[in-house]
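Numbering (my numbering), first residue to last: 11 to 281. The beta carbon of each residue, even a glycine, is placed where N, CA and C say it ideally should be. Computed from a prediction, not measured in an experiment: that's the story for all the values here. Notes follow once the structure below has been shown.
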Amino acid sequence: LQPPAISAERIRDEFVKIITLPGKKARRGMELLLESGLLAQFLPEMLPMVGCEQGGWHPLDVWDHSLLALEALPDSSLLEGQAEVRLAVLWHDIAKPATREFRDGHTRFPEHASIGAAMVRTMMNRLKFSNEEIHDVTFLVERHMRIGEYRPDWSDGAVKRLLREVGTLWGDLVTVTRCDQSALNLPAENAAKLPTLLARVAEIAAESDVLQIVSPLDGRDIMALLGVPPGSLLKRAKDFLTNEVLEGRLAEGDREKASILLREWFQEGAN
């Protein structure tokens, strides 16, 4: 007799129960899944993480680094509906084994964030997660290094563009970044980036709602002004004006100046 098949939904629910355990319990649960062979049955993509050395600021292999990051999650991520951020922390480096290469004496993992997001999408589809859950987790995995790209010489406009890119998942991305960095041996200069960025974000947020900033001219205005049809050029024109607002060179309601800037941009090649 064959044992009864277990549905993907049941496996998903039990897995989520494990990773949403508090403190070290989630880590121990993952270790037991690995030791028992169960992980190999329903999430074999995770097995290559074990023993995949990273070098540089990473004293641990991908598996132990990911579990240490998971362990660092605050208890607030145990609330209902917060499994997504825990999944993103657990899987943020899942593609490192598949992308590892040695170049110029260094270990590198090119495109591991985007490739990891694709792997996570496949796994979550297999386990019947909802479309919204899949979107959020893959978004966080694909962008888990974005905050680390911050430099002190970024303009306020660059910070605002990052906020608009991340949108309502900003808080979750900050959490993923914090957990990732807690499991690294970061130099002090790099460790200071996150609090510096968060201080700038707080200042910007106190002045305006970045997510609500829009171009002074809408699509119809732009098409009439430039004589262009709907398409990529129209989108670039609108993005140009929005960026001028973000950089503080254009007031959000200044349609006259927006028209002047747009004509100049268009005449100079629309680049």
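Contact set for residue i: own chain, Cβ-Cβ below 7 Å, skip 5 residues either direction
i: R210; result: V169
i: M56; result: L49 and I104
i: L100; result: I29, S76 and L80
i: P162; result: T206
i: I214; result: D166, V169, K170 and V220
i: T4; result: What the structure shows of the chain is the stretch from 11 to 281, and residue 4 is not part of that stretch, so it cannot be assessed.
i: L256; result: G167, K170, R171 and I223
i: K138; result: A18, E19 and R22
i: R230; result: none
Environment of residue i [buried if 16+ CB atoms lie within 10 Å]
i: A193; result: buried
i: L42; result: exposed
i: G279; result: exposed
i: A212; result: exposed
i: G65; result: exposed
i: I232; result: buried
i: H154; result: buried
i: A261; result: exposed
i: A234; result: exposed
i: R96; result: buried
i: Q191; result: buried
Three-state secondary structure assigned by DSSP to residue i
i: F52; result: helix
i: G167; result: helix
i: R113; result: strand
i: R118; result: strand
i: A201; result: helix
i: D85; result: helix
i: N195; result: coil
i: A216; result: helix
i: V99; result: helix
i: G177; result: helix
i: K138; result: coil
i: S124; result: helix
i: A280; result: coil
i: A18; result: helix
i: G229; result: helix
Of the residues the options, the one placed nearest residue i, counting alpha carbons only
i: I203; options: R156, E152 and I28; result: Looking at the sequence itself, residue 203 is Lys, so the reference to Ile does not match. Minimum Cα distance to K203 is reached at R156.
i: G167; options: L70, L207 and K106; result: L207
i: P197; options: A15, H68, S17 and E19; result: H68
i: N72; options: R118, L150, P107 and E111; result: Note that residue 72 is Val in the sequence shown here, rather than Asn. When only C-alpha atoms are compared, the closest one is P107.
i: V224; options: M133, P239 and D264; result: D264
i: E199; options: V151, D74 and Y160; result: Y160
i: N253; options: M129, R230, L183 and E175; result: E175
i: R273; options: S124, K248 and H122; result: K248
i: S269; options: L227, E262 and G258; result: L227
i: D146; options: L251, T178, W275 and L31; result: T178
i: L150; options: Q51, W164 and D182; result: D182
i: T187; options: V238, A82, E262 and G115; result: A82
i: L31; options: D85, G47, F52 and P54; result: D85
i: C189; options: L78, G33 and E45; result: L78
i: F25; options: L244, S218, G39 and K245; result: G39
Strand pairing of residue i, partner residues [DSSP]
i: G65; result: H68
Spatial neighbours of residue i in its chain, beta-carbon cut-off 6 Å, leaving aside the 5 residues before and after
i: E143; result: E94
i: L11; result: In this predicted model, L11 has a pLDDT of only 43, less than 50, meaning its place in the structure is not dependable; the value taken from the coordinates is given anyway. So no residue of the chain qualifies.
i: E152; result: A123, S124 and A127
i: F250; result: W275
Close Cβ partners of residue i (< 8 Å) along its chain, the five nearest in sequence each way excluded
i: M59; result: D71, V72, W73, S76, D103, I104, K106 and P107
i: N135; result: I144
i: R131; result: I144 and T148
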